[in-house]
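Some notes on the structure that comes next.
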Amino acid sequence: MPRKQRLRPHQVEAVDAVVRALGSPASGELADTAVRAQVIAPPGAGKSLIAVYAAQGLRAERVLVLVPTLDLLGQMVGVWRAGGRGGRLFGVCSEREKAAVGVRCTTDAGELAGWLAGEGRVTVFATYAAAGLGVLERAHAAGAGRWDLMVVDEAHRTAGGLGKPWAVVHDDRRLPAVRRLYMTATPRLWELPGLEGATGGAGQLVASMDDEEIFGPVVYRLTMSEAIERGLIAQYQVVCVDIADPQLSAVRLVGAEAFTDEVRGVRLAALQTAVLKTAAEHRLRRVLTFHHRTNEAEAFAGGLGRVAAALWEADAGSFAEPDAVWADWLCGEHRAVHRRQVLETFSAGLVEDAVMELCVLSSARVLGEGVDTAACDAVVFVDARGSTPDVVQAVGRALRMQPGEGKVASLVVPVFLELGEEPDEMLASRSYTHLVKVLTALRAHDAEAVEQLAVSQSPSRQAAAGGTAGGVVSGAAQGLLRFSTARDPVQLAAFIRARVLRPEGEYWRRGLQAAMAYAADHGHLRVPYGSTAPDGFALGVWIAKQRVAYRQGTLAEERVKELDAAGMVWSHLEVAFSEGLAAARGWAGEHGHLLAPTEATWQGYPVGIWLRDQRAAARRERAAQNGPDGGRASGKADSARRWGELEKIDPAWCPAWDIAWQRCFHLARTHVNGGGELPAGPGELVVQGEDLGRWAGTQRTVAVWDGLLPAQQWLLTQVLHLTPDDDQPQPGPAPSKTRAQMWAANLAAARQYHQREGHLNVPRQHVETVDGDDRALGVFIANCRARKQRLASERVRELSAVGMKWG
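Shown next as structure tokens:
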């Protein structure tokens, strides 16, 4: 009997849970479906040994062990032997791979059925490919019999879209087994959508083992955080290395130029330099670099020595000597024996009895599930263009360690920044695509830790602005996510939420980034409709669209939360006021006051109409406050704040008298204060379209002066030094007009007033001048309202057409 490898405490717990769940029915007992169970534990937690002891506890004589790759098959044979599994051991693979697997092998279903005949303990190791190709299925059809236990390692590979070719492993009619034990570190895998939609939502769940009818219940779960606390797997950190090379923009790296010799050469040199500098800074000794293409892995390893020599020559004290740097590469076409030899050299760090200070092993989609890389202390994602499962497995390579080793694994991600790109422009930047993929993969291992990164911390813009290279830790990312240049933790949290947990469309992410920057600069998100971000993004339009979607109930709840956190103002009235206030401020900046005529506009915004409406609302508010009940309490604070904002711009924005009078007074006062004199006659001084000479002369007439309020008379005498002309000769008898002519003249005055002011609420003392003819419009309007019942219906219609309100 081979010497057995002892279990650690967590493995004992897992074995007990499996044995309790699967029980120990007799091997010959048949059932409609197998008893099924799941064990979930991180990479390096010893799941394979758990399966060995579970088989022993279940007294399983006939065991089938399924793995995804040939490399893992050979490794699994060694684990079952080390765990004390005796009896006959066979492999379902070609005879030429016997040396790699270490057991008798076949791909002939009849031969396999013959080996399985008879009594006694027997264990068969096979890849999913063998199951999918039907070797095992045909063996059972030839009389191989039912398995006591089927162990499905890396079981997530059999779930969802990933597992369809291998669905036979779940089918008890095609592969009969009394019990099925599914084991994995990643029961749920997310993939980023190929095209990021505008409506947002979670990433696509491409593999899930939630269906208990297929996979059984989870009988034992060891989370990554628990495994780290118990010293079973390595603590880890994600190290993001900023690379700001003007020749390596994101456009060139993902566009048609990405595969040109020029771009590939510059990119390779920048990455080799970044890896060697990061290894020196973090004291890394065993580094795996993962590539998407085989020729790039080969080129990276082949040229690393030259870059190491150049760096050492420039700064010998900071880098390893070139002779102590070893680099090699692996791909799927290498024979298993060669791969094993290279991995052994990498782990030992010895080359011809010389100790290597740094070993770098480059590979392209070959170091897959379960491959033991415990000596590795860092993984560099030189290219994360592979699928999420590929990246997940790369993460798992770094987390393995020897019991009690206490290492900290580094997951290194290069970030190629655009020319002039600020570090906090993360939400919409294509520079972070690989980081997003790595964090998405890490979520499959440690969802809790990644989701904690999405919890906003206190802003640190000043710290970010002054950050320099050197692994500064940013707020929420402390201990897990490190950048060579510090990031604002608020921006980082939004980045995690919008691009990792719930991948969002680019338009949404650009808008959110611009909104957060606006809120940081202005202290609010009352963004004017016409506002644009510094990069030209139409932020005001974007904000307006989010409000429309919010009112219609179509804005996703998570987006509402993001905007709430940024300080969004959802009220349509509040937004409308903010937009109007911005236009009013702009108009006043140009004209010097807020006494705009109704037809006035500012950058296309109808500021004259808006100010007219604000005055009407303010006057209603004052009337209500002076009423018997003192007005309603609700809304008073908002109204006072709004009127206060306008008073800051122009204290006289809403006078108790006609706005046209106040506008002329303001312009006249400005002229006088500037050292000018008011002319005595019309046409001599016209400012902003107002004939100030005509206006001043009109105010001095007895008929107009007596109709003014005391406050207006005081302003004229004390500010403009105007007094009524008591010696003004009485006008001679005017040429007589017919009633129809007088009506037409008054109607013309009403029409002119309404076009200018937008209403016919004319103060009684107001005189309107039309083509040099002063008409007592206030008296006329008041009389018409009072005598409506006696007016001819035709005249009522004429006044109504002009804009008369009779109530």
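Take 11 as the starting number for the sequence shown in this note's numbering and just add one per residue. For each residue, glycine too, the CB sits at the ideal point set by N, CA and C.
Same chain, Cβ closer than 6 angstroms to V251, five either side skipped, listed in chain order: Correct list, in chain order: A284, T288, P424 and S494.
Contact between the segment 224-232 and the segment 416-430 (3+ Cβ pairs under 8 angstroms): Contact between the segment 224-232 and the segment 416-430 is absent, because fewer than three Cβ pairs lie under 8 angstroms.
Those runs of the alpha helix (DSSP H) which lie wholly inside the segment 300-344 and span at least 4 residues: List check, alpha helix (DSSP H) in window: 304-324.
Selected residue, minimal CA-CA separation from G782, among G703, D26 and P19: Per the Cα distances, G703.
The segment 559-568 in contact with the segment 602-612 per 3-pair CB rule at 8 angstroms: Touching, no.
Selection from L191, A606 and V697 that minimises the alpha carbon distance to A594: Looking at the Cα atoms, A606 is the closest of the given residues.
Assigned secondary structure, L294 (DSSP; H/G/I helix, E/B strand, else coil): Secondary structure of L294 (DSSP, three-state): coil.
Classification of A796 by the beta-carbon crowding that lies within 10 angstroms, buried from 16 upward: Exposed, since its Cβ has fewer than 16 Cβ neighbours within 10 Å.
C-alpha gap between S218 and A527, whole angstroms: Approximately 38 angstroms between the Cα atoms of the pair.
Extent of the continuous beta strand (DSSP E) to which Q48 belongs: That run of the beta strand (DSSP E) goes V45 to I50.
For T194, the three-state DSSP class (helix, strand or coil): Reduced to three states, the DSSP call for T194 is strand.
Sequence-distant residues of its chain with Cβ nearer than 8 angstroms to Q247 (five each side left out): A distance below 8 angstroms between beta-carbons, with the five flanking residues on each side excluded, links Q247 to the following residues of its chain, in chain order: V418, A419, S420, L421, G489, L490, L491 and R492.
Expected contact under 8 angstroms - CB spacing of A670 and R785 to nearest Å: About 14 angstroms separates the two Cβ atoms, so there is no contact after all.
Under 8 angstroms between C-beta atoms of G101 and L59: Here G101 is not near L59, since their CB atoms are 8 angstroms or more apart.
Straight-line Cα distance separating A280 from F505: As the crow flies, the alpha-carbon of F505 is around 26 angstroms from that of A280.
Chain-order list of residues whose beta-carbon lies under 6 angstroms from that of G211 (same chain, five-residue window excluded): Here G211 scores only 43 on pLDDT, less than 50, and its place in the model is too uncertain to base an answer on.
Exposure of V162, with buried meaning 16 or more beta-carbon neighbours within 10 Å: Taking all protein chains in view, the Cβ of V162 is crowded by 16 or more other Cβ atoms within 10 Å, so the residue is classified as buried.
Runs of alpha helix (DSSP H) wholly within the segment 516-565 (minimum 4 residues, chain order): Fully enclosed alpha helix (DSSP H) runs of 4 or longer: 516-532 and 549-562.
Local Cβ density within 10 Å of R190, reported as buried at 16 or more and exposed below that: Buried is the call here.
Sub-8 angstroms separation of T304 and V370 beta-carbons: Pairing T304 with V370 gives a Cβ-Cβ distance that is not under 8 angstroms.
Test item: CB-CB of T117 and V75 under 8 angstroms: No, Cβ-Cβ distance for T117 and V75 is not below 8 angstroms.
DSSP state of T233 mapped onto helix, strand, coil: DSSP, read as helix, strand or coil, puts T233 in coil.
Closest Cα partner of A440 within the set E516, D498 and E367: The sequence given here places Arg at residue 440; Ala does not occur at that position. It is E516.
Cβ separation of T168 and E458, assumed to be a contact under 8 angstroms, to the nearest whole Å: Approximately 25 angstroms separates the beta-carbon atoms of T168 and E458; this is outside 8 angstroms, ruling out the contact.
Coarse secondary structure for C250, derived from DSSP in three states: Reduced to three states, the DSSP call for C250 is strand.
Secondary structure of L159, DSSP reduced to three states: Per DSSP, reduced to three states, the secondary structure at L159 is strand.
Cβ-Cβ distance between L122 and V87 below 8 angstroms: Going by C-beta atoms, L122 is not nearer than 8 angstroms to V87.
Spatial distance of S372 from L278 (CA atoms): Looking at the two C-alpha atoms, the distance is approximately 13 angstroms.
Start and end residues, beta strand (DSSP E) containing E778: Here the beta strand (DSSP E) through E778 covers E778 to V780.
Classification of K798 by the beta-carbon crowding that lies within 10 angstroms, buried from 16 upward: Looking at its Cβ environment, which holds fewer than 16 other Cβ atoms inside 10 Å, K798 is exposed.
Identity of the residue in A119, G618 and V579 nearest R148 by Cα: When each option's Cα is compared against that of R148, the closest is A119.
G128, DSSP secondary structure in three states: DSSP places G128 in coil when its eight states are reduced to three.
6 angstroms Cβ shell around S588 - same chain, five flanking residues per side excluded: Hits under 6 angstroms: R536.
Proximity to T450 [Cα-Cα], best of V510, P499 and G342: Checking every option, the nearest Cα to that of T450 belongs to V510.
Distance CB(Y63)-CB(V89) smaller than 8 angstroms: No, Cβ-Cβ distance for Y63 and V89 is not below 8 angstroms.
Separation of T194 from E343, as counted between CA atoms: Put simply, the backbone Cα of E343 is about 26 angstroms away from that of T194.
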